[in-house]
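Enquirer: This is the structure I have questions about; it appears just below.
2 protein chains.
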Amino acid sequence: MREYVVAILGATGAVGQRLISELEQSSIPVKKLKLLASKRSAGKKLKFKNQEITVEEAQPDSFNGVDLVLSSAGGAISKKLLPEAVKRGAVCVDNTSAYRMEDDVPLVVPGVNDKELANHHGIIANPNCSTIQMVAALYPIYQRWGIKQIIVSTYQAVSGAGKAAWDEMLNQAQARLNHQDLKAEILPTAADKRHYPMAFNLLPQIDVFEDDGYTHEEWKMIHETKKILLNDQNAGEIKVTATCVRVPIEIGHGETVYFVVKDSSATTAEIQEEIAKTSGLVLQDDPSKQVYPQPLLAAGKRETFVGRIRQDQENDGAFQMWVVADNLLRGAASNTVEIAECLVRDDLVHQTN
Amino acid sequence: MREYVVAILGATGAVGQRLISELEQSSIPVKKLKLLASKRSAGKKLKFKNQEITVEEAQPDSFNGVDLVLSSAGGAISKKLLPEAVKRGAVCVDNTSAYRMEDDVPLVVPGVNDKELANHHGIIANPNCSTIQMVAALYPIYQRWGIKQIIVSTYQAVSGAGKAAWDEMLNQAQARLNHQDLKAEILPTAADKRHYPMAFNLLPQIDVFEDDGYTHEEWKMIHETKKILLNDQNAGEIKVTATCVRVPIEIGHGETVYFVVKDSSATTAEIQEEIAKTSGLVLQDDPSKQVYPQPLLAAGKRETFVGRIRQDQENDGAFQMWVVADNLLRGAASNTVEIAECLVRDDLVHQTN
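And the structure:
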């Protein structure tokens, strides 16, 4: 059995730490694990399967002899270092937006379009967290009835903005409870100029704005959803639009997803059945017992939770649902490691051309 | 000038206290104010214009000699006591859902349909908080271009569930920050069996569920919006659907509103202009400067704040926006007192038949 030298790039971040534990629990035979991060984090020691591993500064030569890179260190680092890793023969699964929309980069949700992995050229992209859980929930519906239109509103947890943003929100919450002023230096996004308090507030900005008034996060959801669902199928048009809102919760993105199916014979009960029998999805949908997805229940889980499925009673073929998943696991680390498992399963951990 | 004997029913609640201060700042000439509440609250003293007023237990005879009742004491109390007030000659503005859908009860958002007040039979209903701010924001758009369809997702503050729910969420937040377990005894709604932690969580249930899987809150938004916009106009059909979600914030409901206009020549810039020039609405819509509505900025204000207006780029005539308002003021006390001001202005504080 082939064993793999694996490197985790960005190993000390909120997602990086989860990449280590997801890899630990995965089916991937790991010969050696390298933990790479910025100079600032080099020298830290982290555990992997009872081994203590010292974090090294990520540099081009760090990838010598590496078979598989799992990357979550920010778009700029990916742009700089992943080509170096590919040049040295590694296959990279990247958790940033750096390569997602490039034509020769598969954008993969395992269980939905992992057959795309066969076409990789060294880099595979992990979709945006809010895209993954929506597409995962919609896919069985898309397969059976087709989908014409998607309108999504997100309720996104602060951990998606990184550990520092998460800490900032918790500090603000404590300040409010102490009747002190809330200091804001990071959220809604470190990349923009103005910062607003997040605790006990709602910020309708995730990532920066485009000139058309949509945020970059909203366009990610629109473009990535189309790329994943329509990739090599002539499935016709899917209209997608999104509003992304950051909410003061720690882990677990919520989404209200309004969708119109092509075959309007679909019923709520049939959609519930399809969700229930799909691997990786958990149906939590019993209003009479107040059963529905909640971020506090989804945190720490790999599945995507779906509930509140019901028809728009004035529009044939239109339905709504409420989708929740752990943005650090389902939306990031678990999806990345599952892509790596598919690569190993299909013997694709090598340069394909 | 006629002066009015006014009674506030439910004077000690979160909305009741705001009714007192809104009445204080209103144009209504108050001859005498009676503060009514449950037996438990009787004897408390509250201030109105430097007077100290003792809260009395609300009973049928409390309304003897009262001209105008502002009521926010819960649906069951309204059902029991408002007919007694009407019998004694008073005109009642009710802030519960008890009478909203009755044919002979005007359901009023001042500035939108206050002409309906002329048809009152003693009781006027204040719409649901999440309905008011959405209809207020949509009305100038509806007037100029017509509206065919509305799809709304709400982000509702816990103060909408009352003071005890609000305190419960703050206590849970402190417990989480102390790494203690979260106790839940009220939310999502005291009226239902199961209770879940709200701090750092999202609960897609407001009010109880109907048999069709929609919550009562969602049906309120659907039916009330149609009643307010379509009341005595032959304006055709408006399709409305809603998903209502409680979020861990204190004051200020957020809403993502997707709407399709009839006249698809409308542009984002024209919609922004209409919002900006409408009294009671504040346009906060400059993505380049990160200007958009936020609950922490709306709390304590009477206006409805509108931003993130943009076209769905794949659907002609479809737009999205983000609407925020103080649910206790705009969504309750301010709307109630503005209705009373309209009644006084139009000399309608008397039984009309």
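Line by line, the protein sequences give chains A and B.
For the first sequence, the positions run 1 to 353 when the UniProt record's numbering is used.
For the second sequence, the positions run 1 to 353 when the UniProt record's numbering is used.
Virtual Cβ for every residue (Gly too), placed ideally from N, Cα, C.
Here the structure is a predicted model, which is why all the values come from computation and not from measurement.
Taking DSSP's pairing of strands, which residues face residue 307 of chain A in a bridge?
Expert: Your numbering for residue 307 of chain A matches position 307 in the first sequence. Residue 307 of chain A is bridged to A:322.
Enquirer: Classify residue 243 of chain A as helix, strand or coil using the three-state DSSP reduction.
Expert: Within the first sequence, residue 243 of chain A is the residue found at index 243, counting from 1. Three-state result, residue 243 of chain A: strand.
Enquirer: Which same chain residues, not among the five before or five after residue 232 of chain B, have their C-beta less than 8 Å away from its C-beta?
Expert: As a first step, residue 232 of chain B is located in the second sequence; it is residue number 232 there, counting from the start. Here residue 232 of chain B scores only 47 on pLDDT, less than 50, and its place in the model should not be relied on; the value that follows carries that caveat. So the qualifying residues of the chain are 116.
Enquirer: Taking the alpha helix (DSSP H) that residue 272 of chain B belongs to, which residues open and close that run?
Expert: Looking up residue 272 of chain B in the second sequence gives position 272. Its alpha helix (DSSP H) spans residues 268 to 276.
Enquirer: When DSSP labels each residue in this structure, what does residue 222 of chain B get in the three-state scheme?
Expert: The residue you call residue 222 of chain B lines up with position 222 of the second sequence. Helix, per DSSP.
Enquirer: Taking 8 Å as the limit between beta carbons, can you name the residues of its chain near residue 173 of chain B, skipping five residues before and five after?
Expert: Your numbering for residue 173 of chain B matches position 173 in the second sequence. The answer, listed in chain order, is 199, 200 and 248.
Enquirer: Does the ligand GTP have a heavy atom nearer than 7 Å to the CB of residue 238 of chain A?
Expert: With respect to small molecules bound, the structure shown includes none, and the ligand GTP cannot be examined in it.
Enquirer: For the stretch 53 to 141 of chain A, which segments carrying the alpha helix (DSSP H) assignment without a break, of at least 4 residues, lie completely within its bounds, in sequence order?
Expert: Counting whole runs of 4 or more residues, the stretch 53 to 141 of chain A contains the alpha helix (DSSP H) stretches 75 to 87.
Enquirer: Using a Cβ cut-off of 7 Å, pull out every chain A residue sitting near residue 168 of chain B, in sequence order please.
Expert: Position 168 of the second sequence, counted from the first residue, corresponds to residue 168 of chain B. By Cβ distance, chain A contributes nothing, its closest Cβ being about 14 Å from residue 168 of chain B, past 7 Å.
Enquirer: For residue 200 of chain A, write down the residues that DSSP places opposite it in a beta bridge.
Expert: Counting from 1 along the first sequence, the entry for residue 200 of chain A is found at position 200. According to DSSP, which records beta bridges pairwise, residue 200 of chain A is partnered with nothing at all.
Enquirer: Can you have a look at residue 153 of chain A and say buried or exposed, based on whether 16 or more other CB atoms are within 10 angstroms of its CB?
Expert: Numbered from its first residue, the first sequence carries residue 153 of chain A at position 153. When all chains shown are included, residue 153 of chain A counts as buried.
Enquirer: By Cβ distance below 6 Å, which residues in the same chain neighbour residue 125 of chain A in space, the five residues on each side in sequence not counted?
Expert: Taking the first residue of the first sequence as 1, we reach residue 125 of chain A at position 125. If we look at residue 125 of chain A and ignore the five residues flanking it on each side, its Cβ neighbours are 94, 99, 100, 105 and 107.
Enquirer: Could you check whether residue 256 of chain B and residue 135 of chain B sit closer than 8 Å to each other, using their CB atoms as the reference points?
Expert: One-based indexing of the second sequence puts residue 135 of chain B at position 135. One-based indexing of the second sequence puts residue 256 of chain B at position 256. Contact flag unset, no.
Enquirer: To the nearest angstrom, how far is it from the Cα of residue 229 of chain B to the Cα of residue 131 of chain B?
Expert: The residue you call residue 229 of chain B lines up with position 229 of the second sequence. The residue you call residue 131 of chain B lines up with position 131 of the second sequence. Rounded to the nearest angstrom, the two C-alpha atoms are 11 Å apart.
Enquirer: Would DSSP call residue 211 of chain A helix, strand or coil?
Expert: Sequence index remark: in the first sequence, residue 211 of chain A carries index 211 (1-based). Here residue 211 of chain A sits in coil by DSSP.
Enquirer: Would you mind telling me which residues of chain A sit closer than 8 Å to residue 162 of chain B, beta carbon to beta carbon, in chain order?
Expert: Numbered from 1 along the second sequence, position 162 holds the residue referred to as residue 162 of chain B. In chain order: nothing, as chain A lies at least about 17 Å away.
Enquirer: When the Cα of residue 300 of chain A is compared with those of A:265, A:329, A:289 and A:66, which residue comes out closest?
Expert: Position 300 of the first sequence, counted from the start, is the residue given in the question as residue 300 of chain A. Of the listed residues, the one whose Cα sits closest to residue 300 of chain A is A:329.
Enquirer: Can you list the residues of chain B that residue 254 of chain A reaches, using a CB-CB cut of under 8 Å?
Expert: Position 254 of the first sequence, counting from 1, holds the residue named residue 254 of chain A. By Cβ distance, chain B contributes 202, 204 and 245.
Enquirer: What are the residues of the UniProt domain "Semialdehyde dehydrogenase NAD-binding" (5 to 120) of chain B that lie near chain A, defined by any Cβ-Cβ distance shorter than 9 Å?
Expert: Per Cβ criterion, the list is empty.
Enquirer: On a Cα-Cα basis, can you pick out the residue from B:312, B:333, B:58 and B:68 that is closest to residue 219 of chain A?
Expert: On the first sequence, position 219 is the one that residue 219 of chain A refers to. Of the candidates B:312, B:333, B:58 and B:68, the one whose C-alpha sits nearest the C-alpha of residue 219 of chain A is B:312.
Enquirer: So residue 315 of chain B contacts chain A; which residues on that side make the cut at Cβ distance below 7 Å?
Expert: On the second sequence, position 315 is the one that residue 315 of chain B refers to. Those are 239, listed as they occur along chain A.
Enquirer: Measure the alpha-carbon distance for residue 302 of chain A versus residue 331 of chain A and round it to whole angstroms.
Expert: As a first step, residue 302 of chain A is located in the first sequence; it is residue number 302 there, counting from the start. As a first step, residue 331 of chain A is located in the first sequence; it is residue number 331 there, counting from the start. Residue 302 of chain A and residue 331 of chain A: Cα-Cα distance of roughly 9 Å.
Enquirer: Pull up the distance between the alpha-carbon of residue 380 of chain A and that of residue 158 of chain A, whole angstroms please.
Expert: With chain A running from 1 to 353 in the structure shown, residue 380 of chain A is simply not present.
Enquirer: Got a sec: is the Cβ-Cβ distance from residue 260 of chain A to anything in chain B below 8 Å?
Expert: As a first step, residue 260 of chain A must be located in the first sequence, where it is residue number 260. No, residue 260 of chain A lies away from the interface with chain B (no Cβ there is under 8 Å from its Cβ).
Enquirer: Decide yes or no for the touch test of the stretch 178 to 195 of chain A against the stretch 285 to 294 of chain A: beta carbon pairs closer than 8 Å, at least 3 of them.
Expert: Touching, no, given that fewer than three Cβ pairs across the two stretches are closer than 8 Å.
Enquirer: Would you say the stretch 2 to 9 of chain B touches the stretch 50 to 70 of chain B, given that touching needs at least three Cβ pairs under 8 Å?
Expert: These segments touch.
Enquirer: Which residues in the same chain have their Cβ closer than 8 Å to the Cβ of residue 139 of chain B, if we skip the five residues on either side of it in sequence?
Expert: If you number the second sequence from 1, residue 139 of chain B lands on position 139. Excluding sequence neighbours, residue 139 of chain B sits near 109, 111, 112, 229 and 278.
Enquirer: Along the beta strand (DSSP E) that carries residue 8 of chain B, what are the first and last residues, could you check?
Expert: Position 8 of the second sequence, counted from the first residue, corresponds to residue 8 of chain B. It spans 4 to 9 - the beta strand (DSSP E) in which residue 8 of chain B sits, taken as one unbroken run.
Enquirer: Kindly confirm or deny that the stretch 27 to 35 of chain A and the stretch 44 to 62 of chain A touch, where touching means at least three C-beta pairs closer than 8 Å.
Expert: Yes: at least three Cβ pairs fall under 8 Å.
Enquirer: Quick one: what's residue 149 of chain A bridged to in DSSP?
Expert: Sequence index remark: in the first sequence, residue 149 of chain A carries index 149 (1-based). Looking at the DSSP assignment, residue 149 of chain A forms a beta bridge with A:239 and A:260.
Enquirer: Among B:284, B:342, B:288 and B:314, which one has its Cα closest to the Cα of residue 305 of chain B?
Expert: What you label residue 305 of chain B is simply residue 305 of the second sequence in a count that begins at 1. Checking every option, the nearest Cα to that of residue 305 of chain B belongs to B:284.
Enquirer: Short check: CB of residue 13 of chain A to CB of residue 162 of chain A, under 8 Å?
Expert: Locating residue 13 of chain A in the first sequence gives position 13, where the first residue counts as 1. Locating residue 162 of chain A in the first sequence gives position 162, where the first residue counts as 1. Yes, these two residues count as a Cβ contact at 8 Å.
Enquirer: Can you give the Cα-Cα distance for residue 211 of chain A and residue 308 of chain B, rounded to whole angstroms?
Expert: Here residue 211 of chain A refers to the residue found at position 211 of the first sequence. Here residue 308 of chain B refers to the residue found at position 308 of the second sequence. About 12 Å.
Enquirer: If residue 261 of chain B and residue 147 of chain B are in contact, beta carbons under 8 Å, what's the gap, nearest whole angstrom?
Expert: On the second sequence, residue 261 of chain B is found 261 positions in, with the first residue counted as 1. On the second sequence, residue 147 of chain B is found 147 positions in, with the first residue counted as 1. With a Cβ gap of about 6 Å, residue 261 of chain B and residue 147 of chain B count as contacting.
Enquirer: Please report how far the alpha carbon of residue 344 of chain B lies from the alpha carbon of residue 48 of chain B, in whole angstroms.
Expert: To locate residue 344 of chain B, count along the second sequence from 1; it is residue 344. To locate residue 48 of chain B, count along the second sequence from 1; it is residue 48. So the alpha carbons of these two residues sit roughly 20 Å apart.
Enquirer: Relative to the C-alpha of residue 298 of chain A, which candidate in B:265, B:123, B:202 and B:327 has its C-alpha closest?
Expert: Mapped onto the first sequence, residue 298 of chain A falls at position 298. Minimum Cα distance to residue 298 of chain A is reached at B:202.
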